[in-house]
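To keep things clear, I will list the structure first and then write my remarks on it.
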Amino acid sequence: MGNWLFAVTFSRRGRSPGGTMQRWLRAAFAACFGLAVLAMAGNALAQADPPARVGRISYVAGTASYHDGDEARWSPAVLNYPFTTGGALWTEPNGRAEMVVAGMRVRLQGATEIDALALDDDQFRLRLPQGRIDVRMSGVASERPVDILTPRGTVRLMADGDYLIEAGTTDDPTRIGVRSGAAQFVDANGSVLAVQAGEIGLVTGTTPVVFSTQRLAPPPMPPEWAARDRQIIYRPASQYIANTVTGYEDLDAYGQWVPGGDYGQVWVPRAVPSGWAPYRHGHWAWVRPWGWTWIDDAPWGFAPFHYGRWVMFNNRWSWVPPARTARPVYAPAVVGFVGATIAEFTVGSRGPAVGWFPLGPREVYVPPYTTNRTYIRNINVTNVTNVTEIERRTDYVARWKDRRDDRRDDERWTYANQRYATVVPTEVFEKARPVNRAALRVQGDHLVKADVAPVAAPPVLPNRTPDKRLPDARGPDTKAPAPVVNRTTLGDMPTLGRPERSERPAAPGPKSARVPDRPDSPPALPPAAGPRPGQPDDKRLPPTGAVPPAKGPGVPPRPEEKVSPPGRPDLPPLRERGPGPQATPKEPGTPTAPPSVGPKAPERVGPPPTAPAKPPEKVAPPPTAMPKAPERMAPPPRPETPPPPAAAPRPAPERVA
């Protein structure tokens, strides 16, 4: 059944009498959730605790795609989606995206892919199989360097700074530009190239690779990112919140810090719509290893929904940040769920409903995906100063899970924000639909009467959500893109922390739904179709086996589906597995399976591909990149397809010569 997302908060009140039907509903509610928790308790014990550190997709413009480690298909990248081990992010030639982990931001644009090999409390390892990234680091611990694996070796970022990294191709070097900071390049044999500020490191060849440096200022950050840079304000937020909280840099652009009485400095969002409440404008998604996770619509909507607590202060919602005295721990959604009895209070609901509310200050959050008391304490101590209260609540939940609770434990608890709960039909929750338009009308005094179990869970099954792809619902799983150069022994290096999985989706297919620029995003232009700084256009496209997706003719998603990938048409498998094994990474010149080459170019300029066509056959570089084809293949002979205008049978392989 997988892990479920549970939340628990407590504050005592007296038991209120209810009718026979209410008592029956409560008993049924407790029995159902008790069975569910018991069934999953063994699972939780067997699994390691989730990492405290997580990344976030913080900006999307143009066309970008994402997939989790256990997904077989790419989906449109969504703002505020968590980025963790096993995740991958891709931008098409017209797309840009930004991924943030605490004080580090990684920017992609134009046919670029990054894969998270390991992202946890102790390490951060990315793979850059193709394209270019710009990296800025601030406040990242120097004793934990960031590793970025390229086809020729590993780039190690040694200090805070501003970096440019290009994966390179068979003919183009791997480039490491250090605008500020310090970096190293380590090849598969352990040889090291040091690159200092104001230098560009170049790595060419395959076996062996050749190092060189240029005392030359690296190309600047592409100008398309200027508007996004103006949006990012690290101060004064850094005065009130630790820089290890992912997403804090967007708070000052969209809100203000004000005195909050006993809660200290609190953050208040600006320009929110009428009737706004936390956890009401967004959707739910199933994200491993945490389970049900809140994905907020707001450009600032990450830190306030995964850390800290919310309080209604001076008649407006205010966010109480986690204390700086302890390391913050990411939570999938700091909420409590309203129980089964909510159905009797809903207005306009034609079926089962589910409700949730933000936890208030000093209320304890107890996740069921772990029984580790240290983890539970660490995830609460930044907002609950009374450690004894955390232990007492944990003990209570343990008795409830073990079904050892009796009448003395059958107490009613109330919560500071329960009357502000958001309630939707269960179908809206489990199908990851936008919440705000589907919210049901429930009076506050009725919400207070609704039951909240000690361990509250949404009454939906995790395998019914589109974000949890079951094996029988997946498209054909596919091999990873062929490398652009010989990876030597790089491919044999252990992938630390990556989920056990032999295959992953190849580069995104041509029908990736276009993610339009968000209205609240800066008016940035998509990247130009021309070359990246320092590279000619035909060198910029990835080689055979890692061809970027063609821009398909698909209709852009409806506005309300911008943040709800399950609402969009499902993307096709990105590259079907060929009938035989593909070429190994150590044989870049060996012919690969037919989907990697062949009739891609003619189909690129022909009519829009139909759904049954293999996605790799629909993917091809534009005609201007055709001279690159010989550079991406082994020496002749290999029959090549005719030029796009030709309708006759394929010509001889002179085209490869």
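All residue numbers for the sequence shown refer to this note's numbering, where the first residue is 1131 and numbers rise by one. Positions of the beta carbon are idealized from the N, C-alpha and C atoms, including for glycine. None of these values were measured; they are calculated from a predicted model.
Taking every protein chain shown into account, the CB of GLN1386 has fewer than 16 other CB atoms within 10 angstroms, so this residue is exposed.
In the three-state DSSP reduction, LEU1577 falls in the helix class (H, G or I). When the Cα atoms are used, ALA1461 and ASP1250 turn out to be separated by approximately 14 angstroms.
The alpha-carbon of ASP1252 is positioned some 23 angstroms away from that of ALA1463. The straight-line gap separating the alpha-carbon atoms of GLY1233 and GLY1291 is approximately 11 angstroms. Nearest to LEU1209 by C-alpha distance, out of ARG1365, VAL1514, ASP1380, is ASP1380.
Boundaries of the alpha helix (DSSP H) around HIS1436: 1433-1436.
ILE1295 is positioned such that its CB atom lies closer than 7 angstroms to that of VAL1285. In the three-state scheme derived from DSSP, where H, G and I count as helix and E and B as strand, SER1448 is classed as strand. For SER1195, the enclosing beta strand (DSSP E) stretches over residues 1194-1197. Note on THR1455: under 16 other CB atoms within 10 angstroms of its CB, so exposed under the neighbour-count rule.
Per DSSP, ALA1483 is one residue of the beta strand (DSSP E) stretching across 1483-1488. With 16 or more other Cβ atoms from the protein chains shown falling within 10 Å of its own Cβ, GLY1216 counts as buried. Bounds of the alpha helix (DSSP H) holding GLU1560 are 1556-1560. Taking a C-beta distance under 7 angstroms as the contact criterion, THR1423 and ALA1433 do not qualify as a contact pair. Its chain contains ALA1367, ILE1371, ALA1433 as the residues whose beta carbon lies nearer than 6 angstroms to that of TYR1378, once the 5 sequence neighbours on both sides are disregarded; these appear in chain order. Distance between ASN1502 and ASN1508, taken at the CA atoms: about 10 angstroms. About 6 angstroms separates the CB atoms of THR1524 and ILE1506; that is less than 8 angstroms, so the two are in contact. THR1334 and ASP1179 have their alpha carbons spaced roughly 41 angstroms apart. Per the coordinates, the alpha-carbon of GLN1344 lies some 6 angstroms from the alpha-carbon of GLY1331. Per DSSP, reduced to three states, the secondary structure at GLN1326 is strand. The distance from the Cβ of LEU1256 to that of ASP1245 is about 7 angstroms, consistent with a contact at the 8 angstroms cut-off.
A residue is called buried once 16 or more other Cβ atoms fall within 10 Å of its Cβ, and PRO1348 is buried on that count. DSSP lists ARG1237, LEU1294 as the bridge partner or partners of ASP1264. Ranking PRO1303, ARG1457, GLN1326 by CA distance to the CA of ARG1282 puts PRO1303 first. Residue pairing by DSSP puts MET1442 in a beta bridge opposite TRP1447. The C-beta distance from ALA1428 to TYR1550 rounds to 17 angstroms, too long to meet the 8 angstroms contact threshold. Boundaries of the beta strand (DSSP E) around GLN1395: 1395-1399. Annotation: the continuous alpha helix (DSSP H) that includes LEU1381 extends over 1381-1384. Inter-residue distance for THR1336 and THR1280 is about 12 angstroms (C-alpha atoms, whole angstroms). ALA1383 and ARG1365 have their C-alpha atoms some 10 angstroms from each other. When the beta-carbon positions are compared, PHE1435 and PRO1588 stay at least 7 angstroms from each other.
The beta carbon of SER1268 is closer than 8 angstroms to those of GLY1233, MET1234, ASP1290, TYR1364, ASN1373 in its chain, skipping five residues each way along the sequence.
VAL1517 sits in a helix when the DSSP states are folded into three classes. According to the DSSP secondary-structure assignment, ARG1186 is paired through a beta bridge with PRO1212, VAL1230. The beta carbon of LEU1346 sits closer than 6 angstroms to those of ILE1330, all from its chain and outside the five residues before and after it, given in chain order.
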